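Numbering (the numbering used here), first residue to last: 2 to 474.
For each residue, glycine too, the CB sits at the ideal point set by N, CA and C.
Given the structure is predicted, the values throughout are model-derived calculations rather than measurements.
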Amino acid sequence: MPGLAARLRAIVGDDGVIDHPDTLAVYECDGYTLERAVPEVVVLPRTPAEVPPVLRVLWDAGVAFVPRGAGTGLSGGTLPVAAPVMVCTSRLNRIEHVDLPNRRVVAQAGVVNQWISNAVRAAGLFYAPDPSSQPACTIGGNVAENSGGPHTLKYGVTTNHVLGVELVLPDGEVVQLGGPVEERPGLDLVGLVVGCEGTFGVVTRATLRLVRAPEGYRTLLAVFESVAAASEAVSGIIASGILPAALEMMDSLILGAVEAAYRIGLPTDAGAVLLVELDGQAAGLDPQMAEVEAVCRRHGVRELRLARDEAERAALWKGRKRAFGAVGRLAPNYCTQDGVVPRTKVPDILRVIAAAAERHRLRIGNVFHAGDGNIHPIILYDERDPDQVERVLAAGREILEACVALGGSVTGEHGIGVEKIRELGLLFGPDDLRAMMRLRAAFDPEQRANPHKVFPDARVCVETRAPRRQAPM
Ligand SMILES: Cc1cc2nc3c(=O)[nH]c(=O)nc-3n(C[C@H](O)[C@H](O)[C@H](O)COP(=O)(O)OP(=O)(O)OC[C@H]3O[C@@H](n4cnc5c(N)ncnc54)[C@H](O)[C@@H]3O)c2cc1C
């Protein structure tokens, strides 16, 4: 691509283009590390206005690109597959407009999720989608993946909180979809862009809905002897008619790792714990929590620990939200799977996961959004052993096939990326997939934006690089 980097530098400046191999290595993968590929050029626009000319240069040169935010994705969505240029929106990091009376913000794509809630907390508002990666992941990535989080159970996922997006199409045309008001006639084009995994173009701005912070919280740690008992309690809580803000589960393997890392007093000899959070009008919370505790007792709970103050609540959430980081203590590498089952099938899928672990001689921990049946088996391995890698892939496939057989889906929130292209075929037939690809072609007829992602096609083989450890031993 002679001259391309120079043309990009003319738009974004010298510090906005990376083409030195040492620095490019940083961009070889995202949070999904089983496959790696280095882009030829990374371009980092500093303003939304720089994105259209960047894409026009690529369009004129016939070059495909992959958008990237913070690179925390867990399905390899930012892997450059036949896309030599990476367009990284992490420097588009301004919250441009805060409209407190109408509860809206306009944020550039590179704004970190957590910054939105931080900016409006004093006004008693927050941005509800809260992926556990929220101190790092960006709004652009959240929009692309339709991200969820522990509080998805009550508040919904990203698509429920995005009112509008500014999207730059691969030929450089800027389109404004949606806007500041709630209801709009016509097709829900914003809904199409949310979750398209960067295959329509580059999102540069989003108008996001804010939510009033609840008057109070009650946060409970319920300790069970087994994952089966904890799973039954999950079904019981939902069946009781109470809708917790969050209902999360951690099993014994994860509890051990989290406790070793953060020393917050978790019961490391338990089979599983549930983290149950209720929020809303302060007056109604205690009776509802009493009902939750009663359900837990009916399912043989061993211990109930209600957070007594904000510090205890924060400690419990720290353990949950940083669980993935703690897992680095258990093995050199791990692969976080993401599937969904109807919540009544949580006990069944946990049995499948345990059986897969035994059959493939792997350790698998579980930390997940139990309330909405969104499982996250964390498969531990050492990538220096190719046989282990094969077993990880086989176990992951079996678990996802079981999710579908149980009436669920192959991803709850991490997306298809490169990881699950084959598994998408478990859910959709060729006609469905062709229809989706035709829809994508309306935005990106030449498949220049994030090609070879999401939709099954003749996959270009990715050259995998020498393994690198995810965590110290
Ligand atoms: C520890 C940890 C915990 C996590 N917890 C959760 C969780 O609770 N819930 C959850 O849903 N996810 C979770 N994730 C996954 C990940 O954080 C989310 O998918 C997140 O939305 C990715 O944001 P990002 O900015 O890092 O995007 P990236 O990883 O950079 O990109 C992800 C995808 O978005 C596309 N993209 C990025 N920016 C743009 C843009 N501006 N325009 C168009 N496309 C774009 C990319 O092409 C790619 O396909 C977790 C990840 C980690 C590492």
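Q) For ligand 1, any of its heavy atoms closer than 7 Å to the Cβ of R303? A) Translated into positions along the sequence shown, residue 303 becomes position 302. R303: no, Cβ never under 7 Å from ligand 1.
**Q.** Boundaries of the beta strand (DSSP E) in which F369 is found, first to last residue
**A.** To locate residue 369, count along the sequence shown from 1; it is residue 368. Where F369 is concerned, the enclosing beta strand (DSSP E) stretches over I365 to F369.
Q | Nearest-angstrom Cα separation, counted from G63 out to E464 | A | Against the sequence shown, residue 464 aligns to sequence position 463. Against the sequence shown, residue 63 aligns to sequence position 62. Unreliable positioning characterises E464 in this predicted model, as indicated by a pLDDT of 44, which lies under 50. A coordinate reading is not provided.
Q: To the nearest angstrom, report how far apart D432 and L440 are at their CA atoms.
A: If you number the sequence shown from 1, residue 432 lands on position 431. If you number the sequence shown from 1, residue 440 lands on position 439. Taking the straight line joining both Cα atoms gives about 12 Å.
Q) Can you give the Cα-Cα distance for V353 and I400, rounded to whole angstroms? A) Position 352 of the sequence shown, counted from the start, is the residue given in the question as residue 353. Position 399 of the sequence shown, counted from the start, is the residue given in the question as residue 400. Computed Cα separation, rounded: 7 Å.
Q | Status (buried if at least 16 other CB within 10 Å, exposed otherwise) for V88 | A | Locating residue 88 in the sequence shown gives position 87, counting from the first residue. That one is buried.
Q) Buried or exposed: N119, going by 16 or more other Cβ atoms within 10 Å of its Cβ? A) The residue given as residue 119 occupies position 118 in the sequence shown. Result: exposed.
(Q) Measuring straight from C-alpha to C-alpha, what distance separates G366 and I243? (A) Taking the sequence shown and counting its residues from 1, one reaches residue 366 at position 365. Taking the sequence shown and counting its residues from 1, one reaches residue 243 at position 242. Computed Cα separation, rounded: 28 Å.
(Q) I'd like to know whether the C-beta atoms of V86 and L59 end up nearer to each other than 8 Å. (A) Here residue 86 corresponds to residue number 85 of the sequence shown, with the count starting at 1. Here residue 59 corresponds to residue number 58 of the sequence shown, with the count starting at 1. Cβ atoms of V86 and L59: closer than 8 Å.
Q | Short Cβ contact (8 Å threshold) for V113 with A137 | A | Position 112 of the sequence shown, counted from the first residue, corresponds to residue 113. Position 136 of the sequence shown, counted from the first residue, corresponds to residue 137. It is a contact, given that the beta carbons lie within the stated cut-off.
Q.
Can you tell me whether S148 sits near ligand 1, meaning its C-beta is under 7 Å from at least one heavy atom of the ligand?
A. Here residue 148 corresponds to residue number 147 of the sequence shown, with the count starting at 1. Correct: S148 has its Cβ closer than 7 Å to ligand 1.
**Q.** Every unbroken beta strand (DSSP E) inside the segment 229-290 [3 residues or more]
**A.** 247-252 and 273-281
Q: With V523 as the anchor, note down where its beta strand (DSSP E) starts and where it stops.
A: Here the chain has residues from 2 to 474 only, and residue 523 is not among them.
Q) What do you reckon, is the C-beta of V445 under 7 Å from a heavy atom of ligand 1? A) Against the sequence shown, residue 445 aligns to sequence position 444. Before going further, note that residue 445 is Asp rather than Val in the sequence given. It does not: the Cβ of D445 is nowhere closer than 7 Å to a heavy atom of ligand 1.
Q. Since H370 and E249 are thought to touch, with beta carbons under 8 Å apart, how far apart are those beta carbons, to the nearest angstrom?
A. The residue given as residue 370 occupies position 369 in the sequence shown. The residue given as residue 249 occupies position 248 in the sequence shown. Yes, H370 and E249 are in contact; Cβ-Cβ is about 6 Å, under 8 Å.
Q | Which listed residue (L5, A229 and V39) has its alpha carbon closest to that of V27 | A | For this step, residue 27 is matched to residue 26 along the sequence shown. For the residues L5, A229 and V39, the minimum Cα distance to V27 belongs to V39.
**Q.** Straight-line Cα distance separating G430 from G408
**A.** Looking up residue 408 in the sequence shown gives position 407. Looking up residue 430 in the sequence shown gives position 429. In a straight line, the C-alpha of G408 is about 16 Å away from that of G430.
Q) Which full runs of the alpha helix (DSSP H) of 4+ residues lie inside the segment 48-120, going along the chain? A) 52-62
Q | G217 - containing beta strand (DSSP E), residue span | A | Start at 1 with the first residue of the sequence shown, and residue 217 comes out as number 216. Element bounds for G217: G217 to F225.
Q) Three-state secondary structure (DSSP) at E146? A) To locate residue 146, count along the sequence shown from 1; it is residue 145. If DSSP states are grouped into helix, strand and coil, E146 belongs with the helices.
Q: Tell me where the beta strand (DSSP E) around E313 begins and ends.
A: Translated into positions along the sequence shown, residue 313 becomes position 312. Where E313 is concerned, there is no enclosing beta strand (DSSP E), although the alpha helix (DSSP H) it sits in stretches over E311 to K322.
Q) If you compare alpha carbons, which of L93, A355 and A129 is closest to V163? A) As a position in the sequence shown, residue 163 is number 162, starting the count at 1. For V163, the nearest C-alpha among the options comes from A129.
Q | Coarse secondary structure for R460, derived from DSSP in three states | A | Taking the first residue of the sequence shown as position 1, residue 460 is located at position 459. For R460, the predicted model reports a pLDDT of 47, less than 50, meaning its position is unreliable; a value from the coordinates is still stated below. Correct three-state label for R460: coil.
Q.
In this structure, how does DSSP classify P378 when only helix, strand and coil are distinguished?
A. Here residue 378 is taken as the residue at index 377 of the sequence shown, counted from 1. Residue state, collapsed to three classes: strand.
Q: Verify whether the separation of the beta carbon atoms of V228 and L256 is less than 8 Å.
A: On the sequence shown, position 227 is the one that residue 228 refers to. On the sequence shown, position 255 is the one that residue 256 refers to. Not in contact: V228 and L256 (Cβ atoms no closer than 8 Å).
Q) Quick one: what does DSSP say N161 is sitting in, helix, strand or coil? A) Numbered from its first residue, the sequence shown carries residue 161 at position 160. N161 falls in the helix class under three-state DSSP.
Q: From the DSSP output, in three-state form, read off R469 for me.
A: As a working mapping, residue 469 is identified with position 468 in the sequence shown. Low confidence applies here, because R469 scores a pLDDT of 39, under 50, leaving its location unreliable; read the following figure in that light. R469: coil per DSSP, three-state reduction.
Q) With distances taken from CA atoms, which of D15, E359 and S236 is nearest R506? A) With the chain covering 2 to 474 only, the question about residue 506 has no answer from this structure.
**Q.** For Y335, the first and last residue of its enclosing alpha helix (DSSP H)
**A.** Translated into the one-based positions of the sequence shown, residue 335 becomes position 334. From DSSP, Y335 is part of no alpha helix (DSSP H) but of the beta strand (DSSP E) over N334 to T337.
Q) For A327, is the classification buried or exposed, using 16 other Cβ atoms within 10 angstroms of its Cβ as the cut-off for buried? A) Indexing the sequence shown from 1 puts residue 327 at position 326. So A327 counts as buried.
Q: Go through its chain and collect everything with a Cβ distance to A308's Cβ below 7 Å, but skip five positions before and after it.
A: Locating residue 308 in the sequence shown gives position 307, counting from the first residue. Here the set comprises T220, R314 and L317.
Q: Measuring alpha carbon to alpha carbon, tell me which of A396, P215 and T337 ends up nearest A356.
A: Against the sequence shown, residue 356 aligns to sequence position 355. If we check each option's Cα against that of A356, A396 comes out closest.
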